[in-house]
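Chains as they are written, first to last, in my numbering: chain A, 26 to 414; chain B, -15 to 256.
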Amino acid sequence: MRFFSFHLMPYPSLPPDYDGPAWVTCPNEFFDPAVGHEVYNRYLDELVYAEELGFDGVCVNEHHQNAYGIMPSPNLMGSILARQTKRVKIAIVGNALPLYDPPTRVAEEFAMIDNISGGRLIAGFVVGGGPEYYSFSMNPAHARERFAEAHEIIMRAWTEPGPFEYIGKHYKLRYVNSWPRPFQQPHPEVWIPGAGSLETMEFVAKHRYAYMGIPYFHISVFDRTFRMFREACEREGYEYDPLQAGWLEPIYVAETDEQARQEYEEHFWYFVKRLLPGINISPPGYTSIRSIENILKGAGTFAINLQTWDEVVEGQYAIVGSPETVAEKLTESLRRLGTGNLLGLFQLGTLPAHLTRKNLELFATEVMPKLRKEFPEGARVLGDQAAVA
Amino acid sequence: MAAVTEGRLSTQVGKVQVFRGGPADGPPVVYLHSAQGETPGLLFLETLADWAGVVAPVFPGFGESEGIDEIDDIEDAVFHLLDVFDSLGLESPAVVGLSLGGWLAAEIATRYPERVGRLVLVNPAGLYIEGHPIKEIFGRQLDELALELFADQSHPVAALMHQMASLSMSTLSGEVPFDLLRPIIQSQAATAKLGWDPYLHNPKLRKRLYRVTAPTLVVHGAVDGLIPRAHAEAYAQDIAGARLVDVDGAAHMLPLEKPDELSAIVREFVAG
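Shown next, in the form of structure tokens:
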């Protein structure tokens, strides 16, 4: 098992009387630069702290024109982390490839971070969220095609001698010749986050990359998602490696179950009720009909529909409690899901700095050792297959 | 009202649906549908077929028409429609287009003016008019959209949109009867290919309107909540000899709202 601390870098100070979406049209007059200065630095400190506490890696991601995650450039954050950490993997999950034109920019910037960090980059590629296609006025009907071409350009830029010519439908590049080349050869580990789209799983399985399940659904949706991913790997003719799958999950540990809920709950609801609205925009043509049909199967359980704390607990929308409770629940779910990477969200919504640090400390000292013992790295994670069905 | 029947036509991009009806000796009238994909069962076509040789092709990506993967932009769309004209022996038909269909009709008429005998643009998209934006059609709640598309919210289609309002087009949430949602998702995806960016217009179209040679009628639904009248005015102003008529009590989906009145307007114009 590899442990990652994932940070969304949320904007914690939306006005109390604002009840609109946190995406695309959320007025940017709400962004207070004083808050920005404080939280950017604080959030970076929290990621750096994860290294001190013994995590295997840290994760950042990319979103635009929203309050959910004020990280339009995760590569800036990744490059800071490359200097401020010495040991952890830096997972940038990911760059929204269709938004980079030409996409050789991703090959260059990722390779820079990989060189600076001495080979600690994990390269994440994403199509970009639905809202991004509104925020960039980019045609969602071309999203998948552009992603496929951009992916090919980047991987070839990293692995083939340049210069070479790439003439595709969306990109026509006469000289692809990326300087620098990545530190890790032939290329950094590649992660692809997905929300249950079959095309994405098949793409990941085909290339033997790692699939990261996007959270905020009922735990049963993850059961199905990772089962579908394992099946996609089997259809490609191989048995999947647990390190090819990651489970992204909000986690909060406190001294007791009661205290954990008491300290955490309001911050969780800020996240669900204030920052999620608008994230689930699906622009036309962005997702194929067959994928929409599959995604809709889980859509009713999307966290935005949550009403009560009991639902949160039952569906494991967040795992919250004493070290014993959290370790027990994580062990049980990790065994069932079969994922070899745990991506914990230890800060969520308005969770303040001191509680975030305490959460990280308790997790690292009292939960992580137990899980490391349960799931030695390289060992099979998946339990009884029949229990999954 | 005369019968309109469905057929299939093989084209370069795939098989498309074509609805046809009316007297063999009637003047040929092509109807190009809007982003809603209205064509199957459209009463207006039956009304037209009383006197005209109606041909209503369903654009790739809409209904059961194949081939949207082969169409990326307005130029591809124009060539596809020319292929349809050629296959059906339509040398210079009257072309009636609603909204997106009006835009496509104007694109054909500017590029190949000889292929359009008469041009009827009903609440046409296709232009950008500063200060008069076309409202958002993508990702809207169906009940909100219905208020802009229909003058009378008790129209059966408007009523259906209100019923479906609990099912969001924009957010994939709730328990959704997928069969009801599928055609909307497909129509929007096909429309996005042509009109996401730039949004429902071709920046070069307006300065090409001088090329239109067909007698042109622009029809504006007086209470269209989607496309402001300024768009109809711009077409009428820049196409030589074009006339603009307003239809009272109609909004954007004018052919659904006022089928008899529109049919009479088109008939008089085509005969004139």
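Each residue gets a CB set at the ideal place from its N, CA and C atoms; glycine is no exception. Values in this document were obtained by computation on a predicted structure and should not be read as measured data.
I'd like to know if residue i contacts chain A, where contact means its C-beta is closer than 9 Å to some C-beta of that chain.
i	result
W180/B	yes
G51/B	no
Y183/B	yes
R124/B	no
I169/B	yes
F162/B	yes
G158/B	Legend: pLDDT at G158/B = 48, less than 50; position of this residue unreliable, value from coordinates given subsequently. So, interface residue.
A188/B	The sequence as given places Lys at residue 188/B; Ala does not occur at that position. Taking Cβ atoms only, chain A never reaches closer than 9 Å to K188/B, which makes this a no.
Q172/B	yes
L(-7)/B	no
A61/B	no
R192/B	no
S154/B	Because S154/B carries a pLDDT of 43, less than 50, the predicted location of this residue cannot be relied on, and the following value inherits that uncertainty. For S154/B, the answer is yes, since a Cβ of chain A falls inside 9 Å of its Cβ.
D56/B	yes
In the DSSP assignment, find the alpha helix (DSSP H) that holds residue i and state where it starts and stops.
i	result
V113/A	Segment: none, V113/A is in no alpha helix (DSSP H) and carries neither H nor E.
F388/A	Neither: F388/A is in no alpha helix (DSSP H) and is coded neither H nor E.
G86/B	84 to 95
D230/B	Per DSSP, D230/B belongs to no alpha helix (DSSP H); it is in the beta strand (DSSP E), 227 to 231.
A109/B	Segment: none, A109/B is in no alpha helix (DSSP H) and carries neither H nor E.
A143/B	140 to 147
L370/A	Run containing L370/A: none in the alpha helix (DSSP H); it sits in the beta strand (DSSP E), 366 to 370.
V62/B	58 to 71
C258/A	244 to 260
E174/A	168 to 184
H292/A	282 to 295
Assuming residue i is part of the beta strand (DSSP E), what are its boundary residues?
i	result
F43/B	Where F43/B is concerned, there is no enclosing beta strand (DSSP E), given that its DSSP letter is neither H nor E.
Q259/B	Outside the displayed span of chain B (-15 to 256) sits residue 259/B, for which this structure offers no information.
G149/A	146 to 151
P275/A	270 to 278
Tell me whether residue i is buried or exposed, calling it buried when 16 or more other Cβ atoms sit within 10 Å of its Cβ.
i	result
R420/A	Any question about residue 420/A goes unanswered here, given that chain A covers just 26 to 414.
W35/B	buried
W204/A	exposed
I147/A	buried
F69/B	buried
I211/B	buried
D335/A	exposed
N202/A	exposed
Y265/A	buried
E283/A	exposed
G262/A	exposed
P394/A	exposed
S222/A	buried
V229/B	exposed
S30/A	buried
G94/A	buried
E288/A	buried
Could you work out which residue in the options is closest to residue i when comparing CA atoms only?
i	options	result
G73/B	V62/B, V13/B, E59/B	V13/B
T250/A	L39/A, R361/A, M34/A, V73/A	R361/A
P41/A	I317/A, A352/A, K298/A, G187/A	K298/A
A61/B	V42/B, E98/B, P77/B	V42/B
H116/B	V196/B, G209/B, F162/B	G209/B
E241/B	D181/B, E132/B, L(-7)/B	E132/B
P213/A	P123/A, K114/A, E177/A	K114/A
V131/A	I141/A, G119/A, S142/A	G119/A
L82/B	E48/B, L29/B, S49/B, S(-6)/B	L29/B
L27/B	L246/B, L126/B, Q147/B	L246/B
R251/B	A226/B, K(-1)/B, L201/B	L201/B
E48/B	G110/B, G256/B, T23/B, E114/B	T23/B
D248/A	G340/A, E170/A, I192/A, H176/A	G340/A
L164/B	S18/B, L126/B, E114/B	L126/B
P77/B	A40/B, E59/B, D136/B, Q(-4)/B	A40/B
Of all the CB atoms in chain B, is at least one closer than 9 Å to the CB of residue i?
i	result
A166/A	yes
P309/A	yes
I317/A	yes
M34/A	no
L380/A	no
S162/A	yes
I306/A	yes
L331/A	no
L321/A	yes
Report whether the distance from the Cβ of residue i to the nearest heavy atom of the ligand ADP is below 8 Å.
i	result
P97/A	The model depicted lacks the ligand ADP and carries no ligand whatsoever.
Taking contact to mean 3 or more Cβ pairs, one atom from each stretch, closer than 8 Å, check whether the stretch 223 to 234 of chain A and the stretch 361 to 370 of chain A are in contact.
no
Pair every Cβ in the stretch 165 to 176 of chain A with every Cβ in the stretch 308 to 320 of chain A, then say whether three or more of these pairs are closer than 8 Å.
yes
State whether the stretch 215 to 224 of chain B contacts the stretch -8 to 12 of chain B, with contact taken as three or more CB pairs (one from each stretch) at a distance under 8 Å.
no
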